[in-house]
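Asker: As numbered in UniProt numbering, residues 1 to 460 make up the sequence shown, in order.
Yeah, the Cβ is synthetic: ideal placement off N, Cα and C, and Gly gets one too.
This structure is a prediction, so every number in the text was calculated from the model and none was measured.
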Amino acid sequence: MGSLRLSAWAAASSSTARGFPPSPPYWRGRGRRSRCAQASPPSAAPPPSLGATSRLRVGTEHGWQWDCRGGGLGGGGGRRDYAKEMEAAVRIVQVACTLCQRVQDSLLLADSGSGSGGVHSKLDSSPVTVADWGVQATVSWLLSDCFRDENVSIVAEEDDKTLSSSGGTALLESVVAAVNGCLVEAPKYGLRSPEKDLRAHDVLQAIRKCSSTGGPKGRFWVLDPVDGTLGFVRGDQYAIALALIEDGEVILGVLGCPNYPMKKEWLHYHQRYFRLMSKVAPPTSGSWNKGCVMYAHKGCGQAWMQPLVHDFGMLNWHNSREIQVSTVSDPVSATFCEPVEKANSSHSFTAGLAHSVGLRNRPLRVYSMVKYAAIARGDAEIFMKFARSGYKEKIWDHAAGVVIIQEAGGVVTDAGGRPLDFSRGVYLEGLDRGIIACSGALLHQRILGAVDASWNSSTL
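In structure tokens:
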């Protein structure tokens with residue numbers, strides 16, 4: 001037994017020496033095990049050279065573990081350990097990504113011409129698909145199952161009004177089928193499946209459970225089941241965003257980006273072209289040219305990315321790799337992101353700001369919170385959003401992305417340089433003009449200065 005443990009230690013040490021990415025920041029060996037965790041084989045003590053802020057620990061029950069002690073959140077100071085929540089969130093978002101990929105494929109096959117097949121309108125006329133409700137029900141059920149002995153409170157975008165309406169029967173059946181089709185595969189992700197298929201009533205109850213209104217006290221999850229529905233129905237970028245907030249502070253965030261490739265080189269291909277070529281010559285299992293999941297825990301000083309289980313074939317934490325923001329600080333070399341949609345943001349104002357600070361690269365326009373992902377892993381340096389008058393930003397559109405950028409080394413504030421306030425309900429109340437995310441402090445200060453100089457002449 002001793003020789004086996006020594007071999008495991010040696011293998012881990014040599015992997016680290018070769019630059020192989022270590023396990024993500026999970027499982028510090030807490031007293032009881034999460035319902036949604038799978039046991040790992042035992043292993044030996046970690047090599048001492050990994051450092052104080054991130055180290056592998058012995059776990060008689062869980063095997064190799066990542067101990068995040070950076071920033072005080074992981075240990076000391078009386079703060080609790082969120083390793084169980086972090087691992088559950090990543091696994092659950094992986095499941096949600098699978099559901100979305102299946103629904104998106106069916107939408108594109110059903111109506112490859114216009115991309116509108118299977119798109120419905122909520123009672124407020126905004127677009128929605130089976131995936132929006134399906135992901136919300138799936139995440140709600142899995143969170144409740146993982147933390148059955150705790151009060152699970154969830155703030156999320158969707159409600160059940162359309163599904164419960166007199167004309168929503170067929171749509172509800174499609175949602176139920178999508179949910180059950182993913183939950184039956186939950187063990188592949190290290191999660192528990194329901195003992196029997198959920199009924200329509202169960203799915204509606206799961207959606208209704210996501211009715212928290214947030215606030216300054218207590219703990220709640222924040223979910224955007226499909227951020228960027230227009231991108232989703234067009235076969236383009238979208239994201240599944242899940243964050244945990246406690247007493248108004250974002251503790252952890254997970255972004256599932258099913259169409260955002262692990263390898264930056266694939267960004268040069270239009271998403272529809274890539275999907276077409278994938279059908280003609282499918283990538284080999286384990287290739288890293290498709291989607292990814294990014295995640296971070298506040299205070300760790302690290303953010304991580306792993307391939308989709310749906311694409312990679314299995315969930316293996318050793319497939320994760322650390323991500324960092326770009327080191328570019330010269331505006332001439334920087335790239336900025338902005339929303340594709342013009343309805344809730346001003347492209348002309350951001351274009352003027354970009355020119356005034358010396359940005360010359362063509363903007364990267366992407367749907368959804370993928371913009372946060374792009375900055376977190378160094379594909380772009382700046383994200384600016386200035387909403388049109390009357391529009392209020394929701395917390396589920398930003399919570400997960402903000403903590404991921406911050407832990408990857410970036411800066412996110414409002415246009416006045418203040419941190420975003422997630423303690424005032426479902427909206428980002430008190431937001432000063434807009435949101436600015438940058439890879440570094442120098443670029444961030446230049447953007448803040450340009451905003452102040454240009455704001456009085458804007459028409460926002």
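Just to confirm the assignment, what range does the alpha helix (DSSP H) spanning residue 499 have?
Answerer: Because the chain in this structure spans residues 1 to 460, residue 499 falls outside the shown range and cannot be described.
Asker: Note down the Cα distance separating Phe147 from Thr350, rounded to an integer number of angstroms.
Answerer: Along the sequence shown, read from residue 1 onward, the residue named residue 147 stands at position 147. Along the sequence shown, read from residue 1 onward, the residue named residue 350 stands at position 350. For Phe147 and Thr350, the distance between alpha carbons rounds to 43 Å.
Asker: If I measure Cβ to Cβ from Val357 and keep anything under 7 Å in the same chain, skipping five residues before and after, which residues do I get?
Answerer: The count along the sequence shown starts at 1 and reaches residue 357 at position 357. Hits under 7 Å: Pro331, Arg446, Ile447, Ala450.
Asker: Thinking C-alpha only, which one of Val325, Glu322, Ala243, Ile395 is nearest Tyr82?
Answerer: On the sequence shown, position 82 is the one that residue 82 refers to. Closest option to Tyr82, Cα to Cα, is Ala243.
Asker: With a threshold of 8 Å, are at least 3 pairs of Cβ atoms found where one atom belongs to the stretch 203-213 and the other to the stretch 226-234?
Answerer: In short, these stretches do not touch, since the Cβ pair count stays below three.
Asker: Restricting to runs no shorter than 3 residues, where is the beta strand (DSSP E) found entirely within the stretch 353-432?
Answerer: Fully enclosed beta strand (DSSP E) runs of 3 or longer: 382-385, 411-414.
Asker: Does the Cβ-Cβ distance between Ala131 and Val103 come in under 9 Å?
Answerer: Your numbering for residue 131 matches position 131 in the sequence shown. Your numbering for residue 103 matches position 103 in the sequence shown. Cβ distance < 9 Å, so Ala131 and Val103 count as in contact.
Asker: For Lys122, tell me which candidate among Asp159, Leu191, Leu108 has the shortest Cα-Cα distance.
Answerer: As a first step, residue 122 is located in the sequence shown; it is residue number 122 there, counting from the start. Taking only the C-alpha atoms, the option nearest Lys122 is Asp159.
Asker: Considering only their Cβ atoms, is the gap separating Arg219 from Asp247 smaller than 9 Å?
Answerer: Here residue 247 refers to the residue found at position 247 of the sequence shown. Here residue 219 refers to the residue found at position 219 of the sequence shown. Their beta carbons are under 9 Å apart, which means Asp247 touches Arg219 by this criterion.
Asker: Below 8 Å CB to CB, which residues in the same chain sit around Ala441 once its five sequence neighbours on both sides are set aside?
Answerer: In the sequence shown, counting from the first residue as 1, residue 441 sits at position 441. Correct list, in chain order: Val411.
Asker: Whole angstroms is fine: what's the gap from Ile323's alpha carbon to Glu407's?
Answerer: The sequence position of residue 323 within the sequence shown is 323, counting from 1. The sequence position of residue 407 within the sequence shown is 407, counting from 1. Approximately 9 Å between the Cα atoms of the pair.
Asker: What span of residues does the alpha helix (DSSP H) with Arg219 cover, start to end?
Answerer: By 1-based counting over the sequence shown, the position of residue 219 is 219. It is not in any alpha helix (DSSP H) - Arg219 instead sits in the beta strand (DSSP E) that spans 219-227.
Asker: With DSSP run on the structure shown, which of helix, strand or coil describes Val152?
Answerer: Within the sequence shown, numbered from 1, the residue matching residue 152 stands at position 152. Note: Val152 maps to coil in three-state DSSP.
Asker: Run through DSSP, which three-state label would Arg234 get?
Answerer: Translated into the one-based positions of the sequence shown, residue 234 becomes position 234. In this structure, Arg234 counts as coil in the three-state DSSP scheme.
Asker: Do Val370 and Ser439 have their beta-carbon atoms positioned less than 9 Å apart in this structure?
Answerer: Along the sequence shown, read from residue 1 onward, the residue named residue 439 stands at position 439. Along the sequence shown, read from residue 1 onward, the residue named residue 370 stands at position 370. No, the pair does not count as a contact, with Cβ atoms beyond the cut-off.
Asker: Please tell me whether Ala387 and Glu381 are closer than 9 Å, where the distance is taken between their beta carbons.
Answerer: Counting from one through the sequence shown, the residue named residue 387 turns up at place 387. Counting from one through the sequence shown, the residue named residue 381 turns up at place 381. Contact: no.
Asker: Find the nearest neighbour of Val152 within the set Cys182, Lys196, Leu223, judged by alpha-carbon distance.
Answerer: Counting from 1 along the sequence shown, the entry for residue 152 is found at position 152. Nearest of Cys182, Lys196, Leu223 to Val152, Cα basis: Leu223.
Asker: Under 9 Å, do Val119 and Val226 count as touching if we go by C-beta distance?
Answerer: Within the sequence shown, the letter at position 119 stands for residue 119. Within the sequence shown, the letter at position 226 stands for residue 226. For Val119 and Val226, no; Cβs fall outside 9 Å.
Asker: Beta carbon of Cys257, beta carbon of Gly313: below 9 Å?
Answerer: Translated into positions along the sequence shown, residue 257 becomes position 257. Translated into positions along the sequence shown, residue 313 becomes position 313. Not closer than 9 Å, so no.
Asker: Using C-beta distances below 7 Å, list every residue in its chain close to Ser454, excluding the 5 sequence neighbours before and after it, in chain order.
Answerer: Counting from one through the sequence shown, the residue named residue 454 turns up at place 454. Hits under 7 Å: Gly352, Leu353, Ser356.
Asker: For Ala177 and Arg433, what's the separation of their Cα atoms in angstroms?
Answerer: By 1-based counting over the sequence shown, the position of residue 177 is 177. By 1-based counting over the sequence shown, the position of residue 433 is 433. Approximately 43 Å, taken between the alpha carbons.
Asker: Label Gly72 either buried or exposed according to how many other C-beta atoms from any shown protein chain fall within 10 Å of its C-beta, with 16 as the threshold for buried.
Answerer: Walking along the sequence shown from the start, residue 72 turns up at place 72. The predicted model places Gly72 with a pLDDT of 32, which falls under 50 and marks its position as unreliable; any figure quoted below should be read in that light. Burial call: exposed.
Asker: Which value, in whole angstroms, describes the spacing of the CA atoms of His444 and Glu173?
Answerer: As a first step, residue 444 is located in the sequence shown; it is residue number 444 there, counting from the start. As a first step, residue 173 is located in the sequence shown; it is residue number 173 there, counting from the start. Approximately 48 Å between the Cα atoms of the pair.
Asker: Per DSSP, what are the beta-bridge partners of Ser121 in this structure?
Answerer: Residue 121 sits at position 121 when you count from the first residue of the sequence shown. Ser121 is bridged to Pro127.
Asker: Note down, in chain order, each residue of its chain lying with its Cβ closer than 6 Å to the Cβ of Met384, except the 5 sequence neighbours on either side.
Answerer: By one-based count along the sequence shown, residue 384 stands at place 384. Answer for Met384: Thr350, Ile436, listed in chain order.
Asker: So, for Glu157: in the same chain, excluding its five sequence neighbours on each side, which residues have a beta-carbon less than 7 Å away from its beta-carbon?
Answerer: Taking the first residue of the sequence shown as position 1, residue 157 is located at position 157. Within the same chain, Glu157 has close Cβ partners Asp224, Pro225, Trp396.
Asker: May I ask you to report which of helix, strand or coil DSSP gives Ala334?
Answerer: Position 334 of the sequence shown holds residue 334. Coil at Ala334, not helix or strand.
Asker: Ile404 and Tyr295 look like a contact to me (Cβ under 8 Å); what is the Cβ gap, rounded to whole Å?
Answerer: Here residue 404 refers to the residue found at position 404 when the sequence shown is read from its first residue. Here residue 295 refers to the residue found at position 295 when the sequence shown is read from its first residue. At roughly 7 Å, the Cβ-Cβ gap stays under 8 Å, so Ile404 and Tyr295 are in contact.
Asker: Between which two residues does the beta strand (DSSP E) carrying Ala239 extend?
Answerer: Translated into the one-based positions of the sequence shown, residue 239 becomes position 239. Where Ala239 is concerned, the enclosing beta strand (DSSP E) stretches over 239-246.
Asker: Does Val309 come out as helix, strand or coil in the three-state DSSP assignment?
Answerer: Numbered from 1 along the sequence shown, position 309 holds the residue referred to as residue 309. Correct three-state label for Val309: helix.
Asker: Please determine, among Pro419, Ser368, Ser320, Ser326, the residue with the shortest C-alpha to C-alpha distance to Glu338.
Answerer: Translated into the one-based positions of the sequence shown, residue 338 becomes position 338. Comparing Cα-Cα distances from Glu338 to each of Pro419, Ser368, Ser320, Ser326, the minimum goes to Ser368.
Asker: With Val155 and Cys210 assumed to form a contact (beta carbons below 8 Å), what rounded beta-carbon distance in angstroms separates them?
Answerer: Counting from one through the sequence shown, the residue named residue 155 turns up at place 155. Counting from one through the sequence shown, the residue named residue 210 turns up at place 210. The pair is a contact, with the Cβ atoms about 7 Å apart (cut-off 8 Å).
Asker: Do you know offhand how far Thr169's Cα is from Lys161's?
Answerer: Within the sequence shown, residue 169 is the residue found at index 169, counting from 1. Within the sequence shown, residue 161 is the residue found at index 161, counting from 1. About 12 Å.
Asker: When you compare each of Ser212, Val175, Ala239, Ser144 to Pro194 by their alpha carbons, which one comes out closest?
Answerer: One-based indexing of the sequence shown puts residue 194 at position 194. Nearest of Ser212, Val175, Ala239, Ser144 to Pro194, Cα basis: Ser144.
Asker: Just verifying my parser: in three-state terms, what is the DSSP assignment at Val254?
Answerer: The sequence position of residue 254 within the sequence shown is 254, counting from 1. Of the three classes helix, strand and coil, the one that applies to Val254 here is strand, per DSSP.
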